[in-house]
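See below for the structure under consideration.
Residue numbers (mature numbering (1 follows the signal peptide of the UniProt record, and there is no 0)): -28 to -1, 1 to 279.
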């Protein structure tokens, strides 16, 4: 039922968000249907603003037309790809693995930021908090984002477990907020003692001038993770997949990149896309987060429901 609702939501949002494309022969093309994970608090506006310039550039260079839709959850993005609702998706690293392991998607392109195709998860606390390490979160209230999010849930939970903490038992309260900004706001409002989110999301909050964001500090940062990728449906004809791959590869040489018109996850500056990126870093990350089992997820959902 939830999967059906997620897919239905994609159709409704597609009608609301419309298309991004070029003119001439591109208008006659069947559009490439793109789904984007909610990188701006679960709303469509910020995420669409981040990615419309990228797809306008791709439309110009490939002759393809694109329809952009923002999902309301990470799981909906997987269902969109796997059920034929979407051809292309921007997802989290763990979300890609879910789609790949179902045989629905292939890796297409990984963003390059600060010279590297990587990003980080982190735990944040207020700058006057007594906590100095993850072990100090025992008995504390902690906010996490979407349960399928790599950087706001899966990696942070794995980090806690590696310190010997059982997040389902050793935290005084668990909040599952659904998004990075919601977790950040819970911390800023004093509803929790720590919040897990990506450094990119925190940087976005700083750029946006979110009150109080500058008075937070990083308690712990994850190891480098593969940057959230674009993935392509295995249902899409091979010729179109190759055309998309070449289009992403050319972005690094496009003036829109150097002029800052093309941004990546969280609206941050991006330098291009790697289209020859292997699955090896994703598989390495998967082994790290494998300890976040379905049973542990269920226990954390139960704890969160006790609020």
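No residue lacks a Cβ here, since even glycine has one placed at the ideal position from N, Cα and C.
From a predicted model like this one, the values you see are computed outputs, not experimental measurements.
Query                                                                                                          : Result
Integer Cβ distance of residue 59 from residue 4, believed to fall under 8 angstroms                           : 5 angstroms
Exposed unless 16 or more other CB atoms sit within 10 angstroms - verdict on residue 85                       : buried
6 angstroms CB neighbourhood of residue 271 in its chain, flanking five on each side removed                   : 140
Residue 250 at chain D interface by Cβ criterion, 9 angstroms                                                  : Considering every chain present, this structure includes no chain D. It has just one protein chain.
C-beta atoms of residue 145 and residue 129 nearer than 9 angstroms                                            : no
8 angstroms contact criterion, which residue 198 and residue 254 should meet: CB distance rounded              : 5 angstroms
Continuous beta strand (DSSP E) stretch holding residue 274: start and end                                     : Here residue 274 belongs to no beta strand (DSSP E); instead the alpha helix (DSSP H) covers 266 to 276.
Cα-Cα separation between residue 185 and residue 193, rounded to whole angstroms                               : 17 angstroms
Stretch pair the region 97 to 115 + the region 243 to 251: three plus CB contacts closer than 8 angstroms      : no
Limits of the alpha helix (DSSP H) - the one that residue 261 falls within                                     : 252 to 261
Any beta strand (DSSP E) of 3 or more consecutive residues that is wholly inside the region 16 to 83           : 38 to 42 and 60 to 62
Buried versus exposed call for residue 151 [16 or more other C-beta atoms within 10 Å across all chains shown] : buried
Cβ neighbour criterion (16 or more within 10 Å) applied to residue 183                                         : exposed
Residue 213 to residue 124 span [Cα, whole Å]                                                                  : 30 angstroms
Where residue 170 sits in the DSSP three-state scheme                                                          : strand
Three-state class that DSSP yields for residue 112 in the structure shown                                      : coil
Segments of 4+ residues assigned as alpha helix (DSSP H) that fall wholly inside the region 78 to 161          : 127 to 134, 139 to 142 and 152 to 160
Cβ-based burial, residue 74 [other Cβ within 10 Å; buried from 16]                                             : exposed
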